[in-house]
Structure formats: structure tokens, C-alpha cells
Amino acid sequence: MRFADSGRYRRLRRFAGTLFLSALFLSTLLPAVGMMPASSARADTLSDIQQRGLLRCGIVDAGEGVSYLDSNGRWQGFFPDFCRFIAAAVLGNAKAVEFIQVSYVTRFDALEGNGFDVLVGNTTWTVSRDTTRHIAFTHPLYFDGQGFLAHEQSGWTSLSDLPNEPLTACASEGTTTIVNLRDIIETRNLPISVLSFQSIDSVTDSFLSHDCDLLTSDRLLLVALRLQHGDAANPFTLLSDVISKEPLGPAVREDDPRWFDIVQWSIFAALIAEEYGITSTNVPDFLNSAKPEVRRLLGLDPGIGAALGLSNEWARTAIEQVGSYGEIFDRTLGEKSALKIDRGLNALWRDGGLMYAPPLR
Numbered sequence: 038m039r040f041a042d043s044g045r046y047r048r049l050r051r052f053a054g055t056l057f058l059s060a061l062f063l064s065t066l067l068p069a070v071g072m073m074p075a076s077s078a079r080a081d082t083l084s085d086i087q088q089r090g091l092l093r094c095g096i097v098d099a100g101e102g103v104s105y106l107d108s109n110g111r112w113q114g115f116f117p118d119f120c121r122f123i124a125a126a127v128l129g130n131a132k133a134v135e136f137i138q139v140s141y142v143t144r145f146d147a148l149e150g151n152g153f154d155v156l157v158g159n160t161t162w163t164v165s166r167d168t169t170r171h172i173a174f175t176h177p178l179y180f181d182g183q184g185f186l187a188h189e190q191s192g193w194t195s196l197s198d199l200p201n202e203p204l205t206a207c208a209s210e211g212t213t214t215i216v217n218l219r220d221i222i223e224t225r226n227l228p229i230s231v232l233s234f235q236s237i238d239s240v241t242d243s244f245l246s247h248d249c250d251l252l253t254s255d256r257l258l259l260v261a262l263r264l265q266h267g268d269a270a271n272p273f274t275l276l277s278d279v280i281s282k283e284p285l286g287p288a289v290r291e292d293d294p295r296w297f298d299i300v301q302w303s304i305f306a307a308l309i310a311e312e313y314g315i316t317s318t319n320v321p322d323f324l325n326s327a328k329p330e331v332r333r334l335l336g337l338d339p340g341i342g343a344a345l346g347l348s349n350e351w352a353r354t355a356i357e358q359v360g361s362y363g364e365i366f367d368r369t370l371g372e373k374s375a376l377k378i379d380r381g382l383n384a385l386w387r388d389g390g391l392m393y394a395p396p397l398r
């Protein structure tokens, strides 16, 4: 049988075929959606923290000034203080932190497995970590580079001074340090073998016992280790070489964009406070400020906190209890600390550094 309007017939047939394919697609898609794991649902980290009354902060023992346990068993240093800053912003209490110690090897698995809410430490943001792990990196807290420690008696001040004979360099497993070290060994044809350990303590012990000619890590850690372990009897030299870029900072799970925003804007709030000269001791002096960004930062003009799910005074509370970025840096790593590290790349943008916060509006 032949239809008089064959064009209309063809259109109807195409439409019927489209309906069939759509039904077939849905019949295969819907069961798959039903079988998706619960973990694929969007998390609500903020609500979990508020119900718990504690921020769980993953931390690595990285040495004095950086992140370490003091004689009273309390975490101290640059990175622990930023855990406290986030806790103050979220819970109104900088002391409401549970520090969970992890190693360089276990930190990402622990974060992905919900072992803690945020990883804060000398963790490098790289493309492989950003794309192959279920984690997201916020704005860096510290811009660093990989360097080397040598025993002063060697007389070396840079890699160009190394003798053309077999040498050993110690490094921590689970870090970008290993990859960078192997890259430079290959590209510069250096006679260096790599000895790796799961903890920075084991790396340090091996270097102190002269099992390694070099110790390599982020320069921030090397300065801390030199202060902690170097002395007149066993002095160390920090070589002049910087062989990599190491943007260090917090990481969170990638399933909660609001929590990512809270952690990131906590960092920005600390930077903005420094830009305006706001510190933990002078907040009252700014409560009558006419500057719009200062008023938003301190919660005088509401709105920013609500967008994050926080109180209007979230940033003010954190600044009052912990301080601005500059305060935290100075007392843990800078001029007021034993390390005396120059701000360098970690100065504000207006002072020649890389620290820059987007507008708070």
C-alpha cells in the first residue's frame, strides 16, 4: 500500500523512530541513575561541621613554624593557624578544631574518604592531582619552590658545585619532590640516586646520619629543618637552586562547591584584612569605616556571609581571633618567628608578591 502523501509519511516515520530511540535511552539511563552510589550526591560539609561543632583539619608534621606539635601536644605553625581561621569563620571559635595527622602518602586518600573536612599544609597544586583525584585546590597559602640542604662541610652552595661522583638525595614519598628530583637528575645528568621515605622524620634522620648527601623538599620545610636540627656541630647549607614551582595550600573534596568557596574566601578574607591594615587587635578602629569593602569584610553591610551560609560577622570573627594573613605569616614564619623568612613571593601584590584577593562584593 502506498500513501498519497509520501513526504508526510516519511516525517511520521522519522518522528516515531526518534520516540523509540528516546525511550530506549531512558530505559537504560534510569536504572543506571538508580544504581549510582550515594557518595555521588552533593555533600553538605558545612552542615556536618556545624552539627559536629568541630572542624576536622588534616595536617602533616612539617617542622617548626610550618606545622608541628609543641611540648604541650598542641599543633602550632602557619598551616595550623589557617585551620583555626577557617574554624573561627565557620563556627565562631578558633579553638573548635580537631587536628588529624596524616602522612604525605596517606593524605589524599584520607581526604577523599571523608577522614577530615579540609587538608591544610604544604600540599602542592598540580594538574595530575587536580584532575585524577576527587579533590579541589583553593588559592595557595604559600608560594614556594623545591630546594636542597647539604652538610656545610661539603662546601657546596649550588648544584653546580656537586662532584662528578655518585651521590644520594633523601626525599619524602608521596610528594612532588620525587618527581621534580628525577626530572632534574635526568635533564642535567646528575650522578644522584634517590632514597625515599614515608615520613619527613625518616628523611631527616637519614640526612642527619649522613646516609644522604642531600635532603630535598620545599624550601619552606628546609628552612624549618635547618633551624630545628642544624647547629654549630652539624651546620647545614641551603643551596641556592630552586628547581620547581610549588603552590602550597588547602585542598577539599570536589563534591561540595559551597565548602570550597568557604575555604577559599577565608583565605581571601585574611588577605583583604592585611590590605587594609586590619589586625586582630585593631578591628574596633574600622567599625565606623566608610570603605565599602571594609564594611562588607567586617559584616557591617550584610550579604556576603549569607551567600556562604555563614554569619555576617564570619570574617570579622576569624580576623579578631586569629589575625590577618600578614599577622599569621609574621608570627609563624616571618620577622616575629624563629625562621625569619622573607615574604618574597608571598607578599601582597602591591608589594611585589603574588598574594592577591578578588574583590569582596
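Just so you know, the numbering used here puts 356 at position 319 of the sequence shown, and the rest follows in order with no gaps.
Idealized CB from N, CA, C, for every residue including glycine.
Predicted model only: the values in this text are computed from it and were never measured.
For this session: In angstroms with no decimal places, state the Cα-to-Cα distance between Ala-343 and Glu-350.
Result: Position 306 of the sequence shown, counted from the start, is the residue given in the question as residue 343. Position 313 of the sequence shown, counted from the start, is the residue given in the question as residue 350. Linking Ala-343 to Glu-350 through their CA atoms gives a straight-line distance of about 10 Å.
For this session: Check whether the Cβ atoms of Leu-376 and Leu-382 sit closer than 7 Å, and answer yes or no.
Result: For the purposes of this step, residue 376 is taken as residue 339 along the sequence shown, with counting starting at 1. For the purposes of this step, residue 382 is taken as residue 345 along the sequence shown, with counting starting at 1. Between Leu-376 and Leu-382, the C-beta gap is not smaller than 7 Å, which leaves the two residues out of contact.
For this session: Taking Phe-122 as part of the alpha helix (DSSP H), name the residues at either end of that continuous run.
Result: In the sequence shown, counting from the first residue as 1, residue 122 sits at position 85. That run of the alpha helix (DSSP H) goes 115-128.
Exercise. For Val-155, which three-state DSSP category applies?
Worked result: As a first step, residue 155 must be located in the sequence shown, where it is residue number 118. Collapsing the DSSP output to three states places Val-155 in a strand.
Problem set entry | Residue range of the unbroken alpha helix (DSSP H) whose run includes Ile-341 | Counted from its first residue, the sequence shown places residue 341 at position 304. 341-345 is the extent of the alpha helix (DSSP H) around Ile-341.
Exercise. Rounded to a whole number of angstroms, what is the C-alpha to C-alpha distance between Ile-125 and Ala-133?
Worked result: Position 88 of the sequence shown, counted from the start, is the residue given in the question as residue 125. Position 96 of the sequence shown, counted from the start, is the residue given in the question as residue 133. In the sequence on display, residue 125 carries Ala and not Ile. Distance between the alpha carbons of Ala-125 and Ala-133: 8 Å.
Exercise. With distances taken between CB atoms, is the gap from Leu-397 to Arg-333 smaller than 7 Å?
Worked result: Position 360 of the sequence shown holds residue 397. Position 296 of the sequence shown holds residue 333. Contact flag set, yes.
For this session: State the Cα-Cα distance for the pair Leu-276 and Ser-254, rounded to the nearest angstrom.
Result: Here residue 276 refers to the residue found at position 239 of the sequence shown. Here residue 254 refers to the residue found at position 217 of the sequence shown. Spanning the alpha carbons of Leu-276 and Ser-254 requires a straight line of approximately 12 Å.
Exercise. At a cut of 8 Å, does the stretch 102-116 reach the stretch 77-90 through at least three beta carbon pairs?
Worked result: Output reads no: the stretch 77-90 does not touch the stretch 102-116.
Exercise. Assuming Val-155 contacts Val-289 under a Cβ cut-off of 8 Å, what Cβ separation, rounded to an integer in Å, is found between them?
Worked result: In the sequence shown, counting from the first residue as 1, residue 155 sits at position 118. In the sequence shown, counting from the first residue as 1, residue 289 sits at position 252. Going by Cβ atoms, the distance from Val-155 to Val-289 rounds to 5 Å, so yes, they are a contact pair.
Exercise. Would you report the Cα separation of Leu-128 and Gly-150, rounded to the nearest angstrom?
Worked result: In the sequence shown, residue 128 corresponds to position 91, counting from 1. In the sequence shown, residue 150 corresponds to position 113, counting from 1. Their backbone Cα atoms lie some 23 Å apart in a straight line.
Exercise. Is the Cβ-Cβ distance between Asp-181 and Leu-285 less than 7 Å?
Worked result: The residue you call residue 181 lines up with position 144 of the sequence shown. The residue you call residue 285 lines up with position 248 of the sequence shown. Yes, these two residues count as a Cβ contact at 7 Å.
Problem set entry | Below-7 Å beta-carbon distance, Glu-189 vs any chain D residue | No chain D appears in this structure, which consists of one protein chain only.
For this session: Return the Cβ separation of Val-279 and Gly-184 in integer angstroms, given the expectation that the two are a contact with Cβ distance under 8 Å.
Result: Within the sequence shown, numbered from 1, the residue matching residue 279 stands at position 242. Within the sequence shown, numbered from 1, the residue matching residue 184 stands at position 147. Between Val-279 and Gly-184, the beta carbon gap of about 6 Å places them in contact (Cβ cut-off 8 Å).
For this session: Write down the C-beta distance between Ala-147 and Gly-95 rounded to the nearest angstrom, noting that I regard them as a contact closer than 8 Å.
Result: Counting from one through the sequence shown, the residue named residue 147 turns up at place 110. Counting from one through the sequence shown, the residue named residue 95 turns up at place 58. Contact between Ala-147 and Gly-95 holds, since their C-beta atoms are separated by about 6 Å, short of 8 Å.
Exercise. Roughly how many whole angstroms lie between the Cα atoms of Val-157 and Arg-353?
Worked result: Against the sequence shown, residue 157 aligns to sequence position 120. Against the sequence shown, residue 353 aligns to sequence position 316. The alpha-carbon separation between Val-157 and Arg-353 amounts to approximately 21 Å.
Exercise. Can the beta-carbon of Glu-189 be found closer than 7 Å to that of Thr-274?
Worked result: The residue given as residue 189 occupies position 152 in the sequence shown. The residue given as residue 274 occupies position 237 in the sequence shown. Yes, Cβ-Cβ distance for Glu-189 and Thr-274 is below 7 Å.
For this session: Compute the distance between the beta-carbons of Glu-311 and Ser-361, then report whether it is under 7 Å.
Result: Reading the sequence shown from its first residue, position 274 is the one you call residue 311. Reading the sequence shown from its first residue, position 324 is the one you call residue 361. A contact, by the Cβ cut-off of 7 Å.
Problem set entry | DSSP state of Arg-144 mapped onto helix, strand, coil | The residue labelled residue 144 in the question sits at position 107 within the sequence shown. Residue state, collapsed to three classes: helix.
For this session: Return helix, strand or coil for Tyr-105, following the three-state DSSP convention.
Result: Start at 1 with the first residue of the sequence shown, and residue 105 comes out as number 68. It is a strand residue.
Exercise. Three-state secondary structure (DSSP) at Ile-96?
Worked result: The residue you call residue 96 lines up with position 59 of the sequence shown. Per DSSP, reduced to three states, the secondary structure at Ile-96 is strand.
For this session: Return the Cβ separation of Asp-248 and Ala-206 in integer angstroms, given the expectation that the two are a contact with Cβ distance under 8 Å.
Result: Numbered from its first residue, the sequence shown carries residue 248 at position 211. Numbered from its first residue, the sequence shown carries residue 206 at position 169. Rounded to whole angstroms, the Cβ separation of Asp-248 and Ala-206 is 11 Å, and the two are not in contact under 8 Å.
Problem set entry | Alpha carbon of Pro-203 to alpha carbon of Leu-232, nearest angstrom | Position 166 of the sequence shown, counting from 1, holds the residue named residue 203. Position 195 of the sequence shown, counting from 1, holds the residue named residue 232. Annotation: Pro-203 to Leu-232 spans about 13 Å, alpha carbon to alpha carbon.
Problem set entry | Helix, strand or coil at Arg-223 according to DSSP, with G and I counted as helix | Taking the sequence shown and counting its residues from 1, one reaches residue 223 at position 186. One detail in the question is off: residue 223 reads as Glu in this sequence, not Arg. The answer is helix: DSSP assigns Glu-223 an H, G or I state.
For this session: Could you pull out every residue in the same chain whose Cβ sits closer than 8 Å to the Cβ of Asp-107, ignoring the five residues on either side in sequence?
Result: Within the sequence shown, the letter at position 70 stands for residue 107. Closer than 8 Å at the Cβ level, and outside the excluded window around Asp-107, lie Gln-113.
For this session: Return yes when the Cβ of Ile-237 is within less than 7 Å of the Cβ of Ser-281, no when it is not.
Result: By 1-based counting over the sequence shown, the position of residue 281 is 244. By 1-based counting over the sequence shown, the position of residue 237 is 200. No, these two residues do not count as a Cβ contact at 7 Å.
Problem set entry | Per-residue DSSP class, three states only, for Ser-374 | The residue labelled residue 374 in the question sits at position 337 within the sequence shown. Secondary structure at Ser-374: coil, using DSSP grouped into helix, strand and coil.
Problem set entry | Assigned exposure category for Tyr-393 - 16 Cβ within 10 Å defines buried | By 1-based counting over the sequence shown, the position of residue 393 is 356. Within 10 angstroms of the beta-carbon of Tyr-393 lie fewer than 16 other beta-carbons, which makes it exposed.
Exercise. So, do the stretch 164-178 and the stretch 193-202 have three or more beta carbon pairs nearer to each other than 8 Å?
Worked result: As far as the Cβ criterion goes, the stretch 164-178 does not touch the stretch 193-202, which means the pair count is below three.
Problem set entry | Span of the alpha helix (DSSP H), counted from its first residue to its last, around Ala-261 | Here residue 261 corresponds to residue number 224 of the sequence shown, with the count starting at 1. Here the alpha helix (DSSP H) through Ala-261 covers 256-266.
For this session: Could you pull the start and end residues of the beta strand (DSSP E) that Val-400 belongs to?
Result: Only positions 38 to 398 of the chain appear in the structure, and residue 400 is not among them; the question remains open.
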